[in-house]
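So for the sequence shown, this note's numbering puts the first residue at -14; every next one is plus one. One structure is given below, encoded as structure tokens.
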Amino acid sequence: MITDARESGDSDSKSSEITTTVFDIATLLMRKRKFIGLCLAVTLLPALIVLLLMSNQYRSTATILPASPTNQLTSLSAMVGLSMPQEQDESSSELYPEILRSRQILSAVLKPTYQYTDDGALKLITLTEYFGEDNPDKLCDQLAGITSISTSKTTGTITVSVDTKYPELSQSILNTYLSELEHYNMVSRKSKAREVEQYLARELAARRQELAACQDSLKSFQESNLNWSETSNPYLLRELAALQREVAIKEQAYAFLSQQYEASKLKVQEDTPIVRVLDKPNLPTVKSSPFRLQILTVIGLLTFIAAILIIAIGENLRMRARATERQSYHRFRENFATVFPTLSRRILPEYTAPTDTATTPERNHRGVLVLHKQEKPR
-14 MITDARESGD
-4 SDSKSSEITT
6 TVFDIATLLM
16 RKRKFIGLCL
26 AVTLLPALIV
36 LLLMSNQYRS
46 TATILPASPT
56 NQLTSLSAMV
66 GLSMPQEQDE
76 SSSELYPEIL
86 RSRQILSAVL
96 KPTYQYTDDG
106 ALKLITLTEY
116 FGEDNPDKLC
126 DQLAGITSIS
136 TSKTTGTITV
146 SVDTKYPELS
156 QSILNTYLSE
166 LEHYNMVSRK
176 SKAREVEQYL
186 ARELAARRQE
196 LAACQDSLKS
206 FQESNLNWSE
216 TSNPYLLREL
226 AALQREVAIK
236 EQAYAFLSQQ
246 YEASKLKVQE
256 DTPIVRVLDK
266 PNLPTVKSSP
276 FRLQILTVIG
286 LLTFIAAILI
296 IAIGENLRMR
306 ARATERQSYH
316 RFRENFATVF
326 PTLSRRILPE
336 YTAPTDTATT
346 PERNHRGVLV
356 LHKQEKPR
């Protein structure tokens, strides 16, 4: 029973301490409400002005599907007996983000003149005019800044988006991105396979001429020696065998190059990746930024927390200053009382911490001077 009473007493004291602490904090904040309001006004008003001056941004988004992992042309060439060289498979879709971020694509997107509608009027603008910049490097950086490219780790789809102040301009720039990507795939990325095809075409033409020359030599020998099939002359037979052997070698080389040439033509088509667009660039109707209300809420919350911290630090410093003042007063009073004990009790009252109410010195029944609180007149 005694233990329960003690525990209940402890819990009541703890709850009273918590209530007192919360009440003290609330009282302190109410006392400092002007300071908190000033801090909120100093931060929120400039932030509101800046947010109102910022233009709305509109985002156009497109989604690109990943390249097919199956190599159908290789299977087809194997079915018809063509041996295509096996190379490391480079998925074109994995390279799309890097290609879109390349300086070549950015420079190509910066060149056209775009049209958009502003307040019902059709206007033309270049990105140099839009950004207000002539430096090519800075233009590429600013264009990359309004472009967002991300790849899904699960599906491999690529999402490309562009943010500008005008919905139609965002859509037009994104369409140019996709057009330049398709052009790069059709022209630049198949150049290696095209060079191989052209090389094999030149070699095949040369081998065709060599084969024709060998065949002409064999034909001339046979026409000069009409009885070559019945002759037993070893010299004629040896020359005939050499010519036939050379023709056979040339025929084999020509057949092999013809096979490689046909395979290279398929390789050219295979190395030309197709940009498969799942979602074409949309025309945005809702702004993508700025989120003014959310930004102001965050700024206000951070300012309120910062003001509370400043108040807490100031209150802590003030309490420490009071403690130092109290200790100095007691030390002086003790030293004075050592020399003048009677006079000390009469002229040096007990230390009372300063409060918001006024204090007046009075003497008690023993004749000691004591400070008493006096209510401020209302």
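Note that beta-carbon positions come from the ideal geometry of N, C-alpha and C, so glycine has one too. This one's a predicted model, so the numbers in the text were calculated from it and none came from an experiment.
Check: Would you call the segment 181 to 192 and the segment 80 to 100 in contact, with 3 or more CB pairs under 8 Å?
Finding: no
Note to self: Give me the DSSP bridge partner(s) of Arg44.
What the structure shows: Taking the first residue of the sequence shown as position 1, residue 44 is located at position 59. Answer is Asp148, bridged to Arg44.
Item checked: Residue(s) in a DSSP beta bridge with Ile34 -> On the sequence shown, residue 34 is found 49 positions in, with the first residue counted as 1. The partner list for Ile34 (beta bridge, DSSP) is empty, contrary to what the question assumes.
Item checked: Lys150 to Thr144 span [Cα, whole Å] -> Your numbering for residue 150 matches position 165 in the sequence shown. Your numbering for residue 144 matches position 159 in the sequence shown. If I take the Cα positions, the gap works out to 20 Å.
Notebook entry, point to check: What do you reckon, are the CB atoms on Phe20 and Ile296 nearer than 8 Å?
Noted result: Residue mapping note: residue 20 aligns to position 35 of the sequence shown, counting from 1. Residue mapping note: residue 296 aligns to position 311 of the sequence shown, counting from 1. Yes, Cβ-Cβ distance for Phe20 and Ile296 is below 8 Å.
Checklist line | Rounded separation between Leu124 and Arg277 - CA only | finding: To locate residue 124, count along the sequence shown from 1; it is residue 139. To locate residue 277, count along the sequence shown from 1; it is residue 292. Roughly 28 Å separates the two Cα atoms.
Notebook entry, point to check: Can you tell me where the alpha helix (DSSP H) with Ile90 in it begins and where it stops?
Noted result: For this step, residue 90 is matched to residue 105 along the sequence shown. Run containing Ile90: Arg88 to Leu95, per the alpha helix (DSSP H) assignment.
Notebook entry, point to check: Rounded C-beta distance between Thr142 and Leu50? I'm assuming under 8 Å.
Noted result: One-based indexing of the sequence shown puts residue 142 at position 157. One-based indexing of the sequence shown puts residue 50 at position 65. About 6 Å separates the two Cβ atoms, so the contact holds.
Check: What residues in its chain sit with their C-beta under 7 Å from that of Glu195, if we drop five residues either side in the sequence?
Finding: As a working mapping, residue 195 is identified with position 210 in the sequence shown. Correct list, in chain order: Lys235.
Margin query: I need the straight-line Cα distance from Arg305 to Ile298, nearest angstrom please.
Written below: What you label residue 305 is simply residue 320 of the sequence shown in a count that begins at 1. What you label residue 298 is simply residue 313 of the sequence shown in a count that begins at 1. So the alpha carbons of these two residues sit roughly 11 Å apart.
Check: For Asn170, is the classification buried or exposed, using 16 other Cβ atoms within 10 angstroms of its Cβ as the cut-off for buried?
Finding: By 1-based counting over the sequence shown, the position of residue 170 is 185. Looking at its Cβ environment, which holds 16 or more other Cβ atoms inside 10 Å, Asn170 is buried.
Check: Going by other Cβ atoms of all chains shown within 10 Å of its Cβ, with 16 needed for buried, is Ser155 buried or exposed?
Finding: In the sequence shown, residue 155 corresponds to position 170, counting from 1. It counts as buried.
Note to self: Just to confirm before moving on: does the CB-CB distance between Gly285 and Leu33 stay below 8 Å?
What the structure shows: The residue labelled residue 285 in the question sits at position 300 within the sequence shown. The residue labelled residue 33 in the question sits at position 48 within the sequence shown. Cβ distance not < 8 Å, so Gly285 and Leu33 don't count as in contact.
Notebook entry, point to check: Asp264: buried (16+ other C-beta within 10 angstroms of its C-beta) or exposed?
Noted result: Residue numbering aside, residue 264 sits at position 279 when the sequence shown is read from its first letter. When all chains shown are included, Asp264 counts as exposed.
Notebook entry, point to check: CA-CA distance, Leu38 and Pro275?
Noted result: The sequence position of residue 38 within the sequence shown is 53, counting from 1. The sequence position of residue 275 within the sequence shown is 290, counting from 1. Roughly 11 Å separates the two Cα atoms.
Notebook entry, point to check: Short check: CB of Ser45 to CB of Ser146, under 8 Å?
Noted result: Sequence index remark: in the sequence shown, residue 45 carries index 60 (1-based). Sequence index remark: in the sequence shown, residue 146 carries index 161 (1-based). Cβ atoms of Ser45 and Ser146: closer than 8 Å.
Notebook entry, point to check: Do Val253 and Ala198 have their C-beta atoms closer together than 8 Å?
Noted result: As a position in the sequence shown, residue 253 is number 268, starting the count at 1. As a position in the sequence shown, residue 198 is number 213, starting the count at 1. Not in contact: Val253 and Ala198 (Cβ atoms no closer than 8 Å).
Note to self: Pairs of beta-carbons, one from the segment 100 to 119 and one from the segment 9 to 27, closer than 8 Å: are there three or more?
What the structure shows: no
Next item on the list: Look at the Cβ atom of Leu91, then the Cβ atom of Leu128, and state whether they are nearer than 8 Å.
Entry: Reading the sequence shown from its first residue, position 106 is the one you call residue 91. Reading the sequence shown from its first residue, position 143 is the one you call residue 128. Yes, the pair counts as a contact, with Cβ atoms nearer than the cut-off.
Checklist line | Where Phe20 sits in the DSSP three-state scheme | finding: Mapped onto the sequence shown, residue 20 falls at position 35. DSSP places Phe20 in helix when its eight states are reduced to three.
Item checked: Local conformation of Ile143 per DSSP, three classes -> Looking up residue 143 in the sequence shown gives position 158. Reduced to three states, the DSSP call for Ile143 is strand.
Next item on the list: Report back the beta-carbon spacing between Val232 and Glu165 to the nearest angstrom; my notes put them in contact at under 8 Å.
Entry: Position 247 of the sequence shown, counted from the start, is the residue given in the question as residue 232. Position 180 of the sequence shown, counted from the start, is the residue given in the question as residue 165. That pair is no contact at about 52 Å.
Checklist line | Host beta strand (DSSP E) of Leu109 (start-end) | finding: Numbered from 1 along the sequence shown, position 124 holds the residue referred to as residue 109. Residues Ala106 to Thr111.
Item checked: Terminal residues of the alpha helix (DSSP H) in which Leu124 lies -> Residue mapping note: residue 124 aligns to position 139 of the sequence shown, counting from 1. Taken as a continuous stretch (DSSP letters only), the alpha helix (DSSP H) holding Leu124 covers Pro121 to Gly130.
Next item on the list: Please classify Ser157: does DSSP put it in a helix, a strand, or coil?
Entry: Here residue 157 refers to the residue found at position 172 of the sequence shown. Ser157 falls in the helix class under three-state DSSP.
Item checked: Cβ shell of Tyr81 (< 7 Å), same chain only, five flanking positions each side left out -> The residue given as residue 81 occupies position 96 in the sequence shown. Only Ile49, Ile143 and Leu166 meet the Cβ criterion.
Check: By DSSP, does Leu268 sit in helix, in strand, or in coil?
Finding: Here residue 268 corresponds to residue number 283 of the sequence shown, with the count starting at 1. Here Leu268 sits in coil by DSSP.
Notebook entry, point to check: Under three-state DSSP, which class holds Ser249?
Noted result: To locate residue 249, count along the sequence shown from 1; it is residue 264. The three-state reading of DSSP puts Ser249 in helix, counting H, G and I together.
Check: Do Pro266 and Leu159 have their CB atoms nearer than 8 Å?
Finding: Stepping through the sequence shown from its first residue, residue 266 is reached at position 281. Stepping through the sequence shown from its first residue, residue 159 is reached at position 174. In contact: Pro266 and Leu159 (Cβ atoms closer than 8 Å).
Notebook entry, point to check: By Cβ distance below 8 Å, which residues in the same chain neighbour Ile280 in space, the five residues on each side in sequence not counted?
Noted result: Translated into positions along the sequence shown, residue 280 becomes position 295. If we look at Ile280 and ignore the five residues flanking it on each side, its Cβ neighbours are Ala32 and Leu36.
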